[in-house]
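Asks: Have a look at this one.
2 protein chains.
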Amino acid sequence: MRVRVSPPARMTTVHDLPTPAVVVDIDALEHNLATMAARLPGPLLRPHVKAHKSTALADLQRRYGHHHFTCATVREMVGMAHAGLGDDLLLANEVVDLDRLRELASLQDRAMITVAVDSDATVDAAARAGIRHVVIDVNIGLPRCGCAPSTAGRLADAARRRGLVVRGVMGYEGHLMVSDDRAAQRRETLSAMQVLNKAALDVGGDVISAGGTGNHDVHAEHRADTGVTEVQAGSYALMDTYYGTLGLPFRQAVSLLGTVISTQEKWAVADVGLKSLGMDHGNPSIAGCKVWFCSDEHITFATEKVESSAAGSSAAGAITMRAAQPTVGSRVRVIPAHVDPTMAMHDHLWLVRGDEVLDRWPIDLRGW
Amino acid sequence: MRVRVSPPARMTTVHDLPTPAVVVDIDALEHNLATMAARLPGPLLRPHVKAHKSTALADLQRRYGHHHFTCATVREMVGMAHAGLGDDLLLANEVVDLDRLRELASLQDRAMITVAVDSDATVDAAARAGIRHVVIDVNIGLPRCGCAPSTAGRLADAARRRGLVVRGVMGYEGHLMVSDDRAAQRRETLSAMQVLNKAALDVGGDVISAGGTGNHDVHAEHRADTGVTEVQAGSYALMDTYYGTLGLPFRQAVSLLGTVISTQEKWAVADVGLKSLGMDHGNPSIAGCKVWFCSDEHITFATEKVESSAAGSSAAGAITMRAAQPTVGSRVRVIPAHVDPTMAMHDHLWLVRGDEVLDRWPIDLRGW
Numbered sequence: 371m372r373v374r375v376s377p378p379a380r381m382t383t384v385h386d387l388p389t390p391a392v393v394v395d396i397d398a399l400e401h402n403l404a405t406m407a408a409r410l411p412g413p414l415l416r417p418h419v420k421a422h423k424s425t426a427l428a429d430l431q432r433r434y435g436h437h438h439f440t441c442a443t444v445r446e447m448v449g450m451a452h453a454g455l456g457d458d459l460l461l462a463n464e465v466v467d468l469d470r471l472r473e474l475a476s477l478q479d480r481a482m483i484t485v486a487v488d489s490d491a492t493v494d495a496a497a498r499a500g501i502r503h504v505v506i507d508v509n510i511g512l513p514r515c516g517c518a519p520s521t522a523g524r525l526a527d528a529a530r531r532r533g534l535v536v537r538g539v540m541g542y543e544g545h546l547m548v549s550d551d552r553a554a555q556r557r558e559t560l561s562a563m564q565v566l567n568k569a570a571l572d573v574g575g576d577v578i579s580a581g582g583t584g585n586h587d588v589h590a591e592h593r594a595d596t597g598v599t600e601v602q603a604g605s606y607a608l609m610d611t612y613y614g615t616l617g618l619p620f621r622q623a624v625s626l627l628g629t630v631i632s633t634q635e636k637w638a639v640a641d642v643g644l645k646s647l648g649m650d651h652g653n654p655s656i657a658g659c660k661v662w663f664c665s666d667e668h669i670t671f672a673t674e675k676v677e678s679s680a681a682g683s684s685a686a687g688a689i690t691m692r693a694a695q696p697t698v699g700s701r702v703r704v705i706p707a708h709v710d711p712t713m714a715m716h717d718h719l720w721l722v723r724g725d726e727v728l729d730r731w732p733i734d735l736r737g738w
Numbered sequence: 371m372r373v374r375v376s377p378p379a380r381m382t383t384v385h386d387l388p389t390p391a392v393v394v395d396i397d398a399l400e401h402n403l404a405t406m407a408a409r410l411p412g413p414l415l416r417p418h419v420k421a422h423k424s425t426a427l428a429d430l431q432r433r434y435g436h437h438h439f440t441c442a443t444v445r446e447m448v449g450m451a452h453a454g455l456g457d458d459l460l461l462a463n464e465v466v467d468l469d470r471l472r473e474l475a476s477l478q479d480r481a482m483i484t485v486a487v488d489s490d491a492t493v494d495a496a497a498r499a500g501i502r503h504v505v506i507d508v509n510i511g512l513p514r515c516g517c518a519p520s521t522a523g524r525l526a527d528a529a530r531r532r533g534l535v536v537r538g539v540m541g542y543e544g545h546l547m548v549s550d551d552r553a554a555q556r557r558e559t560l561s562a563m564q565v566l567n568k569a570a571l572d573v574g575g576d577v578i579s580a581g582g583t584g585n586h587d588v589h590a591e592h593r594a595d596t597g598v599t600e601v602q603a604g605s606y607a608l609m610d611t612y613y614g615t616l617g618l619p620f621r622q623a624v625s626l627l628g629t630v631i632s633t634q635e636k637w638a639v640a641d642v643g644l645k646s647l648g649m650d651h652g653n654p655s656i657a658g659c660k661v662w663f664c665s666d667e668h669i670t671f672a673t674e675k676v677e678s679s680a681a682g683s684s685a686a687g688a689i690t691m692r693a694a695q696p697t698v699g700s701r702v703r704v705i706p707a708h709v710d711p712t713m714a715m716h717d718h719l720w721l722v723r724g725d726e727v728l729d730r731w732p733i734d735l736r737g738w
């Protein structure tokens, strides 16, 4: 896959980048996209753009064969449509803001727009805003959105009475994404899909959308049993240390490049902090170093070198730098624990191969 | 204090705001600014803008008598100078990026710019970039930036040899901000200040800058003992549930306004998630409700009403809404656990009084 190469003239290596900087290794990224496209080709994968919020990256996913996308916000839907990536956009989230839904509805002549609904109120909002297509969002175990499975058919009928086309169902088994016991994960995923398939029979339509990076393989390997028509994985493209523990076939593609700004005998401090890292999954990692803590603009890590841990070690390859015994001005790569909120904190990412900077991509789907 | 009132025509109450929305109650904010200005008037407080990243809010702090500000990033320094708030700006952080330092140096004819240094490398960067004024950042116990106290005098000499004016010292006793044992906090703060004052004697100059919201009262009440000339508090203006446990005289001024998008018998979901909340201090709070968990775009909370807890309860007053038994479309206020990274995630804040929207202020100092 050929990626457009047009770095700003002065920024030809990672050592020239202002920090903190989101750095994405193109080889790891393309490995991940190719691996997933082989397992869930074409419309079997509906990549979730909430994990990277970049239309440029979504366009690369399209070039790997996926023309249908999942979004979490109206902003993402609108941005994808304007970027010419609107072949089939699913807003896998509930929205009752009529102004936003009307903006979305106004794009329906140039993009295929489908919105999740899980209540009479969300059906009403979609109908009033002029949205044409919906899916019924069914709760399949995660205490979040989605109607009770037994009510899905009734809700579909209500939607059709309001003139909406009901394309089918979606569910998100988010509670089953990360598990030490992969046999149990498979068993519980199949069980959740039974619930979703039963609701799909009540609802009608031809879409059964579910799944994510953490159990994409269950869906890929047991399609006849899960019955899903598409998987909504997002994190697989860039990865993080949380998913990195699962033994998935994806490489760590994203890191936060920082500059060491202060050193003492036992610790060093780089300019990557809470405001540049999603922290809900805990501290980020630095290959070969023990991270002590993060504060708003800083990460403090021990200068004593530690044995490479599983988390983060796979990410150390692309950029050559000494994480241990750092000096002021040297660079360090910080691997986020959770990729989605991390990406949402940054204006742009730098696409690199090794130390070479290939391109700068806007993270243009931020906000709501 | 009179605040400019110019809300967008259609958004006259909080119920009209698109969500998630940062909402700041002007009465709580002004209470906080007045309370702090009474304790540490004028130049005794150097408000830290990293906690809100808004020049409009900084301008309000100026109107409460504080004309000197603390910043954590070059972006904040530049933005403050361009906003006409550059009487005396301290970058309380180390920077070795020559491009950024030169941009900062270019503003020295319109703003008083001072930069923290803690090593030969940071002195060298400041001197090469044409920065005129520095303070020596001294480590006083928190394992982060700051030179060893014993080396502060030598570093000041080195800075002066490079032509820099050394205005004095700063230190940040961040490890002493939050403590259950306030007597111990006072004792340890005074002990850290002894270290800083000793370094100040070695360094020269007339600035001794330290402290924060969590121990501002120690500095205010024991100025003769702490010896500091200014306190760098930031969180006091807006507050969060982390500082909210300390019994400080500040009110919860900021919350995240969300819309309930889905309900089930035992839980409800609003559109305030990880991407709109700093999560490093743990889950946010909703007055009267138990928060179960946050995900990227969602907060799931129990619909069963609980007794008001200390955290969050003080914030429930300004906007009338039923947090328990919510319906789809109703509004909910989410109190962040950590204000600084929360503000950094948003483009703007809404200034309100009760349900009335008074103004929209840009959060214009985001980024680096």
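Just so you know, the sequences run in chain order X and H. To convert a position in the first sequence, counted from 1, into this note's numbering, add 370. To convert a position in the second sequence, counted from 1, into this note's numbering, add 370. Cβ atoms here follow ideal geometry from the backbone N, Cα and C, with glycine treated the same way. Everything numeric in this text was worked out from a predicted model, so none of it was measured.
Just the C-alpha distance for Glu-400/X and His-651/X, rounded to the nearest angstrom, thanks.
Replies: So the two alpha carbons sit approximately 25 Å from each other.
Asks: Check for me: the alpha helix (DSSP H) holding Ile-396/X runs from which residue to which?
Replies: Segment 396 to 409, the alpha helix (DSSP H) holding Ile-396/X.
Asks: Please check the pair Asp-666/X and Lys-568/H, which I expect to be a contact at CB under 8 Å, by giving their CB distance rounded to whole angstroms.
Replies: Wrong, their Cβ atoms sit about 28 Å apart, outside the cutoff.
Asks: Any idea what DSSP makes of Leu-525/X, helix, strand or coil?
Replies: DSSP places Leu-525/X in helix when its eight states are reduced to three.
Asks: Give the single residue among Leu-427/H, Val-444/H, Arg-445/H and Ile-510/H whose Cα lies nearest to the Cα of His-437/H.
Replies: The option with the nearest alpha carbon to His-437/H is Leu-427/H.
Asks: Let me see if you follow: with CB-CB separation under 7 Å, is Arg-498/X close to chain H or not?
Replies: Not an interface residue.
Asks: Report the neighbours of Asp-717/X on chain H: residues whose CB is nearer than 8 Å to its CB, in chain order.
Replies: Near Asp-717/X (Cβ distances below 8 Å), the residues of chain H are Gly-737.
Asks: Is Val-727/H closer than 7 Å to Thr-382/H when the C-beta atoms are compared?
Replies: Yes, these two residues count as a Cβ contact at 7 Å.
Asks: Would you mind stating whether Val-504/X and Gly-538/X have Cβ atoms separated by less than 7 Å?
Replies: No, the Cβ-Cβ distance between Val-504/X and Gly-538/X is not below 7 Å.
Asks: For a cutoff of 7 Å on Cβ pairs, would you count Pro-513/X as touching chain H?
Replies: So, interface residue.
Asks: Could you give the uninterrupted runs of the beta strand (DSSP E) lying entirely in the segment 472 to 531 of chain H, keeping only those of 3 residues or more?
Replies: Within the segment 472 to 531 of chain H, the complete beta strand (DSSP E) runs of at least 3 residues are 483 to 487 and 503 to 507.
Asks: With distance defined between alpha-carbon atoms, name the residue in Gly-449/X, Arg-470/X, Tyr-612/X and Ile-669/X nearest to Ala-707/X.
Replies: Residue Tyr-612/X is the option with its Cα nearest to Ala-707/X.
Asks: Do you know offhand how far Ala-398/H's Cα is from Asp-429/X's?
Replies: Distance between the alpha carbons of Ala-398/H and Asp-429/X is about 46 Å.
Asks: Is Ala-640/H closer than 7 Å to Gly-648/H when the C-beta atoms are compared?
Replies: No, Cβ-Cβ distance for Gly-648/H and Ala-640/H is not below 7 Å.
Asks: How many Å lie between His-452/H and Leu-525/X at the Cα?
Replies: So the two alpha carbons sit approximately 54 Å from each other.
Asks: Tell me which residue opens and which closes the alpha helix (DSSP H) that Val-465/X is part of.
Replies: Taken as a continuous stretch (DSSP letters only), Val-465/X belongs to no alpha helix (DSSP H), as it is neither H nor E.
Asks: So is Leu-571/X buried or exposed if we call it buried at 16+ other beta carbons inside 10 Å?
Replies: Label assigned to Leu-571/X: exposed.
Asks: Can you tell which of Leu-644/H, Lys-423/H and Arg-470/H has the C-alpha that lies nearest to the C-alpha of Leu-626/H?
Replies: The residue with the shortest Cα to Cα distance from Leu-626/H is Leu-644/H.
Asks: Check whether the Cβ atoms of His-716/X and Arg-730/X lie closer than 7 Å to each other.
Replies: Not closer than 7 Å, so no.
Asks: Can you say whether Gly-617/X is buried or exposed, counting buried as having 16 or more other CB atoms within 10 angstroms of its CB?
Replies: That one is exposed.
Asks: Taking Cβ positions only, does Ile-510/X come closer than 7 Å to chain H?
Replies: Not closer than 7 Å to any Cβ of chain H, the Cβ of Ile-510/X fails to qualify, so no.
Asks: For Cys-664/X, return the contacting residues in chain H, with the cut-off set at a CB-CB distance below 9 Å.
Replies: Correct list: Asp-650.
Asks: Please work out which residues of its chain come closer than 6 Å, Cβ to Cβ, to Gly-575/X, disregarding the five sequence neighbours upstream and downstream, and give them in chain order.
Replies: Counting only Cβ-Cβ distances below 6 Å, and skipping sequence neighbours, we find Val-536, Arg-537 and Gly-538.
Asks: CA-CA distance, Ala-693/H and Ala-672/H?
Replies: For Ala-693/H, the pLDDT reaches just 44, beneath the cut-off of 50, and the residue's location in the model is therefore unreliable, although a value from the coordinates is still provided. The alpha-carbon atoms of Ala-693/H and Ala-672/H are separated by roughly 10 Å.
Asks: Would you say Leu-631/H lies against chain X (beta-carbon separation less than 7 Å)?
Replies: Inspection of the sequence shows that residue 631/H is occupied by Ile rather than by Leu. Yes, because at least one Cβ of chain X sits closer than 7 Å to the Cβ of Ile-631/H.
Asks: For the segment 710 to 734 of chain H, which residues have a CB atom closer than 8 Å to at least one CB atom of chain X, in sequence order?
Replies: Of all residues in the segment 710 to 734 of chain H, Asp-710, Pro-711, Ala-714, Met-715 and Asp-717 have a Cβ within less than 8 Å of some Cβ in chain X.
Asks: Does any residue of chain H bring its CB to less than 7 Å from the CB of Glu-674/X?
Replies: Output row for Glu-674/X: interface = no.
Asks: What does the alpha-carbon distance come out to for the pair Gln-634/X and His-422/X?
Replies: Computed Cα separation, rounded: 35 Å.
Asks: How long is the line joining the alpha carbons of Leu-455/X and Val-598/X, rounded to whole angstroms?
Replies: Distance between the alpha carbons of Leu-455/X and Val-598/X: 23 Å.
Asks: List the residues that DSSP assigns as beta-bridge partners of Thr-383/X.
Replies: Answer is Glu-726/X, bridged to Thr-383/X.
Asks: Write down the C-beta distance between Leu-608/X and Val-444/X rounded to the nearest angstrom, noting that I regard them as a contact closer than 8 Å.
Replies: Not confirmed; about 23 Å, so no contact.
Asks: Does the beta carbon of His-668/X come closer than 7 Å to any beta carbon on chain H?
Replies: Yes - at least one Cβ of chain H is within 7 Å of the one on His-668/X.
Asks: Which of the three DSSP states, helix, strand or coil, is assigned to Thr-670/X?
Replies: Thr-670/X falls in the strand class under three-state DSSP.
Asks: Against Thr-492/H, what residues of chain X qualify as contacts under a CB-to-CB distance less than 7 Å, listed in chain order?
Replies: In chain order: Val-698.
Asks: Please list the partners that Ser-489/X has in chain H, where partner means a Cβ-to-Cβ separation under 8 Å.
Replies: What Ser-489/X touches in chain H: Ser-632, Thr-633 and Val-698.
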